[in-house]
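A.B. asks: If you read the sequence shown in the numbering used here, its first letter stands for residue 514, the second for the next number, and so on.
Beta carbons: idealized from backbone N, C-alpha and C, even for Gly.
Note that the structure is a prediction, hence the values are computed from the model and not measured.
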Amino acid sequence: MPLHDAAARGFEAGADAYARGRPGYPDAAVDAALAALRVGPGELLLELGAGTGSLTRSLAERGVRVLALEPVAAMRRRLAGVAGALPVAAAAEALPVRDGGVAGAIAATAFHWFDGPAALRALHRALPPGARLALLWNRRDLAVDWVARLDEILNAAEPPGTPRYRTGRWRAAFDAAPAAFGPLHASQHRHVHVLSPEGVVDRIASVSYVAAMDAAGRARVLAEVRALLAAHPDTAGRDALELPYVADLWWCERA
514 MPLHDAAARG
524 FEAGADAYAR
534 GRPGYPDAAV
544 DAALAALRVG
554 PGELLLELGA
564 GTGSLTRSLA
574 ERGVRVLALE
584 PVAAMRRRLA
594 GVAGALPVAA
604 AAEALPVRDG
614 GVAGAIAATA
624 FHWFDGPAAL
634 RALHRALPPG
644 ARLALLWNRR
654 DLAVDWVARL
664 DEILNAAEPP
674 GTPRYRTGRW
684 RAAFDAAPAA
694 FGPLHASQHR
704 HVHVLSPEGV
714 VDRIASVSYV
724 AAMDAAGRAR
734 VLAEVRALLA
744 AHPDTAGRDA
754 LELPYVADLW
764 WCERA
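#1: Are at least three pairs of beta-carbons, each pair with one atom in the region 601–611 and one in the region 584–591, less than 8 Å apart?
#2: From what residue to what residue does the alpha helix (DSSP H) around D664 run?
#3: What residues are listed by DSSP as bridge partners for L582?
#4: Evaluate V577 with the Cβ neighbour count: other Cβ atoms within 10 Å of its Cβ, from every protein chain shown; 16 or more gives buried, anything less gives exposed.
#5: Give the DSSP bridge partners of F694, in chain order.
#6: Is the beta carbon of A563 less than 8 Å from the beta carbon of L582?
#7: Go ahead and label A699 buried or exposed: buried means 16 or more other beta carbons lie within 10 angstroms of its beta carbon, across all protein chains shown.
#8: What do you reckon, are the CB atoms on R556 and G643 nearer than 8 Å?
#9: Flag G566 as yes when its Cβ comes closer than 7 Å to any non-hydrogen atom of the ligand FAD, and as no otherwise.
#10: Indicate the three-state DSSP secondary structure (helix, strand or coil) for E737 in the structure shown.
#11: Is the distance from the Cβ of L667 to the Cβ of V720 below 8 Å?
#12: Suppose you measure from the CA of A768 to the CA of A743; what does that come to, to the nearest Å?
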């Protein structure tokens, strides 16, 4: 299945903003993911949709060997310098590994872009029985008023039908494959990304459908973000802003 157009165009055009504006994943979430996966130093972990390496670096720093799959060339170039990781041009639906050839698999802020049923079929082949799949997402904490208003700007600009984690539609693939994968388990890990106001603008510019807009449309959205940050009492006049996140970790076991 071809990569969704918003992801293909947006992530190719917005790789630099993605690298500047996106947070990594908190140590607690990374450690919990590896514990759930039962993958340790020296073992081969398959990472799907590795992007610019936000998670890849944390995995490699813990001694895990990472086969980092990323279909978007601009993103993949950012992975080239990560020691302990092998960047490969491949999609989640067509995994370039032998049957049962990896110790586990993980995808960070990516699974909602996949053809879920096709990806799970490919993962069922690639993982040995009893191996595990982990999914991570960073979501902004909408309990904070200025962050909720930031999301309102994004939601107003979102094209209909854009895959999003928050809809929960990604779970349908797991519901349809109970014989292939066991039940999903979940945990949450809060963290904060400290950014300049322009760093927050980069964060919004890195959203796939914003990056894929024409120059005028993108400029309008980013102007709204700058206006919000300049006017909101919690952000106005500040050089450093704390953008709060919740890292959602999900995992399941291959039957």
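C.D. replies: So, to answer that:
#1: yes
#2: Start at 1 with the first residue of the sequence shown, and residue 664 comes out as number 151. Unbroken alpha helix (DSSP H) run through D664: 658–670.
#3: Looking up residue 582 in the sequence shown gives position 69. DSSP output for L582 lists L561, V601 as bridge partner(s).
#4: Within the sequence shown, numbered from 1, the residue matching residue 577 stands at position 64. So V577 ends up on the buried side.
#5: Numbered from its first residue, the sequence shown carries residue 694 at position 181. DSSP lists R767 as partners of F694.
#6: Taking the first residue of the sequence shown as 1, we reach residue 563 at position 50. Taking the first residue of the sequence shown as 1, we reach residue 582 at position 69. It is a contact, given that the beta carbons lie within the stated cut-off.
#7: Here residue 699 refers to the residue found at position 186 when the sequence shown is read from its first residue. Classification of A699: exposed, given that the 10 Å Cβ count is below 16.
#8: In the sequence shown, residue 556 corresponds to position 43, counting from 1. In the sequence shown, residue 643 corresponds to position 130, counting from 1. With the sequence shown as reference, residue 556 is identified as Glu, and Arg is not the correct amino acid for it. No; because the gap between Cβ atoms is not below 8 Å, this pair is not in contact.
#9: Judged by which ligands are present, the structure shown has none, so any question about the ligand FAD falls away.
#10: Along the sequence shown, read from residue 1 onward, the residue named residue 737 stands at position 224. Three-state DSSP puts E737 in a helix.
#11: Start at 1 with the first residue of the sequence shown, and residue 667 comes out as number 154. Start at 1 with the first residue of the sequence shown, and residue 720 comes out as number 207. Cβ distance < 8 Å, so L667 and V720 count as in contact.
#12: Taking the first residue of the sequence shown as 1, we reach residue 768 at position 255. Taking the first residue of the sequence shown as 1, we reach residue 743 at position 230. Spanning the two alpha carbons is a distance of roughly 52 Å.
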